Amino acid sequence: MADPGADPAVHRRHDRLVIAAAIDGGTAGPSWQRACLACTSLYTDLVAIRSSIPTSTIPPRLRDHRLTAADAERLRRRAWRSMIGAIGTSRDAVTRPLATSLTTLGLAGLLLGSVPAIGGSLGLPGAGGATMASHRAEVWAPRAVPTVVDGVATTGGEGATGVAVDGRTPLESPMNRLSLLLLAGGATLLGARRLAIHLGSLR
Amino acid sequence: MEDLRSTTVTDDPVQRRDLILIERARAGDLDAFNDLVVLYQDSLFALVVRMVPDRDQASDAVQEAFFSAFRNLKSFRGGSVKSWLNRICVNAAMDTQRLRKRRPSQPYPELEDESWQPKVGDEVDPERIAVHAEQSRAIAAALARITDDQRTAIVLYDVEGYDYSEIAEMTGVSLGTVKSRIHRGRLSLRDILGERMELFRG
Numbered sequence: 000m001a002d003p004g005a006d007p008a009v010h011r012r013h014d015r016l017v018i019a020a021a022i023d024g025g026t027a028g029p030s031w032q033r034a035c036l037a038c039t040s041l042y043t044d045l046v047a048i049r050s051s052i053p054t055s056t057i058p059p060r061l062r063d064h065r066l067t068a069a070d071a072e073r074l075r076r077r078a079w080r081s082m083i084g085a086i087g088t089s090r091d092a093v094t095r096p097l098a099t100s101l102t103t104l105g106l107a108g109l110l111l112g113s114v115p116a117i118g119g120s121l122g123l124p125g126a127g128g129a130t131m132a133s134h135r136a137e138v139w140a141p142r143a144v145p146t147v148v149d150g151v152a153t154t155g156g157e158g159a160t161g162v163a164v165d166g167r168t169p170l171e172s173p174m175n176r177l178s179l180l181l182l183a184g185g186a187t188l189l190g191a192r193r194l195a196i197h198l199g200s201l202r
Numbered sequence: 000m001e002d003l004r005s006t007t008v009t010d011d012p013v014q015r016r017d018l019i020l021i022e023r024a025r026a027g028d029l030d031a032f033n034d035l036v037v038l039y040q041d042s043l044f045a046l047v048v049r050m051v052p053d054r055d056q057a058s059d060a061v062q063e064a065f066f067s068a069f070r071n072l073k074s075f076r077g078g079s080v081k082s083w084l085n086r087i088c089v090n091a092a093m094d095t096q097r098l099r100k101r102r103p104s105q106p107y108p109e110l111e112d113e114s115w116q117p118k119v120g121d122e123v124d125p126e127r128i129a130v131h132a133e134q135s136r137a138i139a140a141a142l143a144r145i146t147d148d149q150r151t152a153i154v155l156y157d158v159e160g161y162d163y164s165e166i167a168e169m170t171g172v173s174l175g176t177v178k179s180r181i182h183r184g185r186l187s188l189r190d191i192l193g194e195r196m197e198l199f200r201g
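Protein sequences appear in the order of chains A and B. Going by numbering that gives the first Met the number 0, the residue at position 17 of the first sequence is 16; the numbering climbs one at a time, nothing skipped. Going by numbering that gives the first Met the number 0, the residue at position 136 of the second sequence is 135; the numbering climbs one at a time, nothing skipped.
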């Protein structure tokens, strides 16, 4: 039978990763590897590499890393700055998920607030004109409600629940305002994070 | 202030010493913190310079790590001080690697010949010294050419002795990814070393 290790075509079918994994497992490797000279050579080389990395000489340390009194004072004062400085680094596990959450909530709120069919069926305040009208009537009736006619504030009667002069734009509804606030907060946080990462790369 | 010695029962004199130094540092004793720096700066530099094969950048990363450790003394909750410092250094090294990726790629600098000489007294045979120096230079050059992720995983596993799950937690990836990085990294090293593998064979 021909030596499988002498046939490159046979060796090419052998998975090198399996051989690499066998080293960490402390095994001698699969039988097909032991029967293949090229694979055996690979196995031996990988073992030699693994053992030489920890024993390789390291270049000497360049400087003394002890802190001076000035360092300590500066670091104590900069505690809050370091929290901001952590933004965008491996220590930052907050800003990205927080920014994403705020942006998502803001967009969802705007969507619900701008589509009457959805917002109205959910009974959300500020979602859709019909819901707004009934909400206002419920809250303000039967008290007299101040209304604005042609820019002049007047006090209307009981029936003037504000429905007829409800000139609110979608942006003025509480829900949309809150959504815009959340969206702005999320976008600001994302922007701050990008800026921090960019400034960090310039250092 | 929390007495770390009461929460961490240990007979290890090294660990007890470290815990005492940490407590004093948290009480405001800068000399106690600097004692920890002196004790661990060599090993931490060795760790970081293997992950970031540029002595200047590695040095900056180690300094930043000690600054971070000083700022966050209160976050230390007991256990091994060395492991705590190691993790801070690994984070600092990974931050440095990330910054390098955003800059135009530059190869890691070649180090001067004398950088690879072992300390006097470690080995007396000149030939073995020369071979060892050559091996170290070859390994370092090869490590500099594999990816940051693979290099980090290999250093943490083969040099620092962390297991797969610890490395997965430190680097924020899955167990399978850690294994893949280590195994592919070693295969890449072997391919990069090429003919220089003769230095490592018998």
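Don't be surprised by glycine CBs; every beta carbon is placed ideally from N, CA and C. Remember, predicted model here, so these are calculated numbers, not experimental data.
Own chain, CB closer than 6 Å to residue i, minus 5 neighbours either side, in chain order
i: A141/B; result: L188, I191 and L192
i: L229/A; result: In this structure chain A extends from 0 to 202, so residue 229/A is not present and cannot be described.
i: G184/A; result: L101
i: V177/B; result: A152, Y163, I166 and A167
Contact set between residue i and chain B, taken where Cβ atoms lie within less than 9 Å
i: H13/A; result: The contacting residues do not exist; H13/A stays about 12 Å from chain B at best.
i: T99/A; result: Per Cβ cutoff of 9 Å: no residues; T99/A is ~17 Å from chain B at best.
Cut-off 7 Å between Cβ atoms - residues of its own chain near residue i, not counting five sequence neighbours on either side
i: R150/B; result: M50, L142 and G184
i: E133/B; result: L198
i: F32/B; result: A24 and F69
i: E126/B; result: none
i: W83/B; result: F75
i: L181/A; result: L101, L104, G105 and G108
i: A137/B; result: L192, R195 and L198
Chain B contact residues for residue i, given Cβ-Cβ distances below 8 Å
i: A69/A; result: Correct list: empty, because the minimum Cβ distance to chain B is about 11 Å.
i: A20/A; result: K178 and H182
Enclosing alpha helix (DSSP H) for residue i [first to last residue]
i: N90/B; result: V80 to K100
i: V172/B; result: Element bounds for V172/B: n/a, residue is neither H nor E.
i: Y39/B; result: L29 to M50
i: R200/B; result: That residue, R200/B, is in no alpha helix (DSSP H); it is neither H nor E in DSSP.
i: C38/A; result: L36 to T54
i: P125/B; result: P125 to R144
i: D148/B; result: D147 to I153
i: D59/B; result: R54 to R70
i: V13/B; result: P12 to R25
8 Å Cβ shell around residue i - same chain, five flanking residues per side excluded
i: A60/B; result: V47, V51, C88, A91, A92, D94 and T95
8 Å Cβ cutoff, residue i in contact with chain A
i: S58/B; result: yes
i: L186/B; result: yes
i: M196/B; result: yes
i: N86/B; result: Before going on, a small fix: residue 86/B reads as Arg here, not Asn. No, no contact with chain A.
i: F44/B; result: yes
i: A167/B; result: no
i: R54/B; result: yes
i: V135/B; result: First, the amino acid is wrong: residue 135/B is Ser here, not Val. Yes, its Cβ sits closer than 8 Å to a Cβ of chain A.
i: D17/B; result: no
Through-space distance from residue j to residue i, alpha-carbon basis
i: R144/B; j: L104/A; result: 44 Å
i: S173/B; j: D162/B; result: 13 Å
i: V162/A; j: L106/A; result: In this predicted model, V162/A has a pLDDT of only 42, less than 50, meaning its place in the structure is not dependable; the value taken from the coordinates is given anyway. For V162/A and L106/A, the distance between alpha carbons rounds to 28 Å.
i: G127/A; j: R176/A; result: The pLDDT assigned to G127/A is 48, lower than 50, so where the model puts this residue is not dependable; a value taken from the coordinates is nonetheless given after this. One C-alpha to the other measures close to 14 Å.
i: G112/A; j: D148/B; result: 45 Å
i: D124/B; j: H131/B; result: 11 Å
i: D30/B; j: D70/A; result: 13 Å
i: F75/B; j: T54/A; result: 31 Å
i: S67/B; j: D63/A; result: 16 Å
i: R95/A; j: L194/A; result: 13 Å
i: P3/A; j: I22/A; result: Model confidence at P3/A stands at a pLDDT of 44, short of 50, so the residue's coordinates are unreliable; what they give is reported in the following sentence. Taking the straight line joining both Cα atoms gives about 22 Å.
i: T146/B; j: A57/B; result: 16 Å
i: E63/B; j: S172/A; result: 49 Å
i: L98/B; j: D91/A; result: 15 Å
i: L43/B; j: R54/B; result: 13 Å
i: A47/A; j: R200/B; result: 7 Å
i: G108/A; j: R49/A; result: 55 Å
i: I86/A; j: A186/A; result: 15 Å
i: R76/A; j: D44/A; result: 52 Å
i: R12/A; j: T99/A; result: 46 Å
Cβ of residue i within 8 Å of any chain B Cβ
i: T94/A; result: no
i: D44/A; result: yes
i: R49/A; result: yes
i: D2/A; result: Caution is warranted here: a pLDDT of 45 is assigned to D2/A, below 50, making its placement in the model unreliable, and no coordinate value can be reported.
i: L16/A; result: yes
i: L74/A; result: yes
i: T88/A; result: yes
Chain A contact residues for residue i, given Cβ-Cβ distances below 7 Å
i: Q40/B; result: R60 and H64
i: A132/B; result: T56
i: L29/B; result: L66, A68 and A71
i: A139/B; result: S55
Proximity test, residue i beta-carbon vs the ligand COA heavy atom, cut-off 7 Å
i: A68/B; result: The model on display carries no ligand, and the ligand COA is accordingly not part of it.
Where residue i meets chain B, residues with beta-carbon distance less than 7 Å
i: P53/A; result: D157 and V158
Under 9 Å from the C-beta of residue i: neighbouring residues of chain E
i: A37/A; result: You won't find chain E in this structure, because its protein chains are A and B.
Chain-ordered chain A contacts of residue i [CB-CB under 8 Å]
i: R144/B; result: The premise fails here: R144/B is roughly 13 Å from chain A at the closest Cβ pair, so nothing lies under 8 Å.
i: I153/B; result: I52
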